[in-house]
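Enquirer: Next up is a structure, given as structure tokens.
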Amino acid sequence: MEPIIIVLVVLVVVAFFALIRTIQVIPQASAAIVERFGRYTRTLNAGLNIVVPFIDTIRNRVDLREQVVPFPPQPVITQDNLVVNIDTVIYYQVTDARAATYEVASFIQAIEQLTVTTLRNIIGSMDLESTLTSREVINAGLRGVLDEATGKWGIRVNRVELKAIEPPTSIQDSMEKQMRAERDKRAAVLTAEGQRQAAILRAEGEKQAAVLSAEGEAQAAVLKADGEAAAIRTVFEAIHDGDADQKLLAYQYLQTLPQLAQGDANKLWIIPSEVGDALKGLGGAFGGLNGGGQGAGPGTAPGTSGPSLAKQPADGGGRPVGAAGGPRPVGTDDAGAARPRVNPTREYPQLDPE
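The structure is reproduced here in structure tokens:
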């Protein structure tokens with residue numbers, strides 16, 4: 004009984020192992036290559052698959068998802084004989100598991116070497132400045148070459164990126180100095196432009212201020228002249244409306260003379276020649292008031308040639324009266340008729356009768 008039990012146990016173990024080998028579960032986004040006696044038979048897709056145990060074998064399991072492979076820095080010589088280190092990153096995806104297994108031994112190594120050689124060909128035709136500023140051109144060139152070469156390997160290159168471009172240290176220092184000088188130049192230009200704009204704005208402001216100041220002074224002068232003209236006109240009208248005689252004007256003339264000596268800088272001042280005439284008229288006026296008009300002809304004021312106001316009849320208040328005996332307004336004759344206001348002491352020009 005014991006040998007039979009041992010045989011049964013062995014058969015059960017072999018059957019369990021064969022069942023495990025028969026059922027193959029493939030994960031999603033994966034594929035498996037099946038070989039029968041060393042020859043490719045079929046590709047197992049995702050899900051539950053049945054194979055013949057001990058006859059069919061799984062050669063390779065391929066991940067169908069997009070893969071990212073960074074490559075180490077590669078020294079590349081530019082057109083101007085400068086060595087730069089370039090890091091690249093490849094984004095690829097396996098589209099045919101059979102071709103990726105049988106067409107190339109190691110597609111990762113093949114892609115890396117193809118990337119290096121293609122990168123050296125592209126960078127060798129460009130100078131350093133173009134290399135630093137033409138990443139899109141380099142990426143497009145790498146992708147075109149890799150996509151064409153890896154198509155028969157069952158691989159699609161989706162993207163190629165330059166991770167870093169590192170020029171030599173001396174070149175980096177020179178580039179930093181050049182960049183600093185360029186920035187200093189732009190700063191100086193901007194500063195000069197700002198100062199220029201500020202000077203222009205300041206000049207425009209001063210110009211507008213000067214124009215407004217001149218306009219204000221002109222308006223002030225016009226208003227002052229208008230005020231003086233109005234004052235003169237008012238004084239002139241007041242004098243003529245009040246019928247001022249020569250004595251009052253002489254008195255006002257004498258009151259104005261002290262103003263000529265005002266001011267600390269006045270060392271010498273000249274008296275006009277009309278002062279004597281004014282003094283004569285004023286003395287005659289006071290003499291007429293004290294001596295009843297001595298030294299003057301009948302009916303005339305001293306120093307005048309016209310009729311004296313003393314000969315005109317007056318009422319009890321000293322106001323002139325008309326022919327009817329009542330008071331009459333100033334500016335009328337004895338008959339009460341209006342008369343022109345003529346200064347008897349003023350010499351008027353003779354009119355030509357023609």
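Numbering (my numbering), first residue to last: 4 to 357. A virtual CB, placed ideally from N, CA and C, is assigned to each residue, including glycine.
Per the DSSP calculation, residue 2 is bridged to which residue(s)?
Expert: Missing from the structure shown is residue 2; the chain here goes from 4 to 357 and no further.
Enquirer: Is residue 75 helix, strand or coil when you go by DSSP?
Expert: strand
Enquirer: Excluding sequence positions up to five away, which residues of its chain have a Cβ less than 8 Å from the Cβ of residue 114?
Expert: 72, 93, 95, 149, 153, 158, 160
Enquirer: Any idea what DSSP makes of residue 135, helix, strand or coil?
Expert: helix
Enquirer: Look up residue 44 in the DSSP assignment and say whether it is helix, strand or coil.
Expert: strand
Enquirer: Assign residue 308 to one of two classes, buried (16 or more other C-beta atoms within 10 Å of its C-beta) or exposed (fewer than that).
Expert: Here residue 308 scores only 40 on pLDDT, less than 50, and its place in the model should not be relied on; the value that follows carries that caveat. Residue 308 should be labelled exposed.
Enquirer: What does the Cβ neighbour count give for residue 134, buried or exposed, with the cut at 16 atoms within 10 Å?
Expert: buried
Enquirer: So residue 242 is in the alpha helix (DSSP H); what residue range does that whole segment cover?
Expert: For residue 242, the enclosing alpha helix (DSSP H) starts and ends at 172–244.
Enquirer: Tell me whether residue 84 sits in a helix, a strand or coil according to DSSP, three-state version.
Expert: Here residue 84 carries a coil assignment [DSSP, helix/strand/coil].
Enquirer: Since residue 61 and residue 102 should fall inside the 8 Å C-beta cutoff, what is the C-beta to C-beta distance between them, to a whole number of angstroms?
Expert: That pair is no contact at about 18 Å.
Enquirer: Evaluate residue 229 with the Cβ neighbour count: other Cβ atoms within 10 Å of its Cβ, from every protein chain shown; 16 or more gives buried, anything less gives exposed.
Expert: exposed
Enquirer: Check whether the Cβ atoms of residue 51 and residue 23 sit closer than 8 Å, and answer yes or no.
Expert: no
Enquirer: Around the C-beta of residue 304, are 16 or more other C-beta atoms found within 10 angstroms, so that it is buried, or is it exposed?
Expert: Model confidence at residue 304 stands at a pLDDT of 39, short of 50, so the residue's coordinates are unreliable; what they give is reported in the following sentence. Flag for residue 304 reads buried.
Enquirer: Please return the same chain residues whose Cβ sits closer than 6 Å to the Cβ of residue 138, not counting the five positions on each side in sequence.
Expert: 165
Enquirer: Tell me whether residue 54 sits in a helix, a strand or coil according to DSSP, three-state version.
Expert: coil
Enquirer: If you run the structure through DSSP and keep just helix, strand and coil, what is residue 108?
Expert: coil
Enquirer: Who are the near neighbours of residue 64 in its chain, counting only those whose CB is closer than 7 Å to its CB and skipping five residues on each side?
Expert: 33, 35
Enquirer: Once DSSP output is grouped into helix, strand and coil, what is the label at residue 91?
Expert: DSSP places residue 91 in strand when its eight states are reduced to three.
Enquirer: Assign residue 146 to one of three DSSP states: helix, strand, or coil.
Expert: helix
Enquirer: Where residue 11 and residue 5 are concerned, what is the direct C-alpha to C-alpha distance, given to the nearest angstrom?
Expert: 10 Å
Enquirer: Under the rule that 16 or more other beta-carbon atoms within 10 Å means buried, what is residue 244, buried or exposed?
Expert: exposed
Enquirer: Going by the beta-carbon positions, is the gap between residue 169 and residue 88 smaller than 8 Å?
Expert: yes
Enquirer: DSSP has residue 165 in a bridge; who is on the other side?
Expert: 91
Enquirer: Within 10 angstroms of the Cβ of residue 100, are there 16 or more other Cβ atoms? Answer buried if so, exposed if not.
Expert: Burial is judged here by how many other beta carbons sit within 10 angstroms of a residue's own beta carbon; residue 100 has at least 16 and is buried.
Enquirer: By how many angstroms is the C-alpha of residue 207 removed from the C-alpha of residue 197?
Expert: Computed Cα separation, rounded: 15 Å.
Enquirer: Below 7 Å CB to CB, which residues in the same chain sit around residue 118 once its five sequence neighbours on both sides are set aside?
Expert: 74, 91, 93, 145, 149
Enquirer: Roughly how many angstroms separate the alpha carbons of residue 98 and residue 175, rounded to a whole number?
Expert: When rounded, the distance between both Cα atoms is 42 Å.
Enquirer: Drop a sphere of 10 angstroms on the beta-carbon of residue 16, count the other beta-carbons inside from all chains shown, and report buried for 16 or more, exposed for fewer.
Expert: Counting C-beta atoms within 10 angstroms of its own C-beta, residue 16 has fewer than 16 neighbours from the protein chains shown and is therefore classed as exposed.
Enquirer: Please name the residue in 7, 184, 219, 131 whose C-alpha comes closest to that of residue 86.
Expert: 131
Enquirer: Smallest Cα separation from residue 107: which of 167, 41, 14, 155?
Expert: Minimum Cα distance to residue 107 is reached at 155.
Enquirer: In this structure, does DSSP put residue 70 in helix, strand or coil?
Expert: strand
Enquirer: Provide the residue(s) that pair with residue 96 in DSSP beta bridges, ordered along the chain.
Expert: 69, 159
Enquirer: Just how far apart, CA to CA, sit residue 219 and residue 232?
Expert: 20 Å
Enquirer: Is the beta carbon of residue 59 less than 8 Å from the beta carbon of residue 42?
Expert: no
Enquirer: Using the DSSP secondary-structure output, state which residues sit across from residue 27 in a beta bridge.
Expert: 52
Enquirer: Cα separation between residue 171 and residue 179?
Expert: 12 Å
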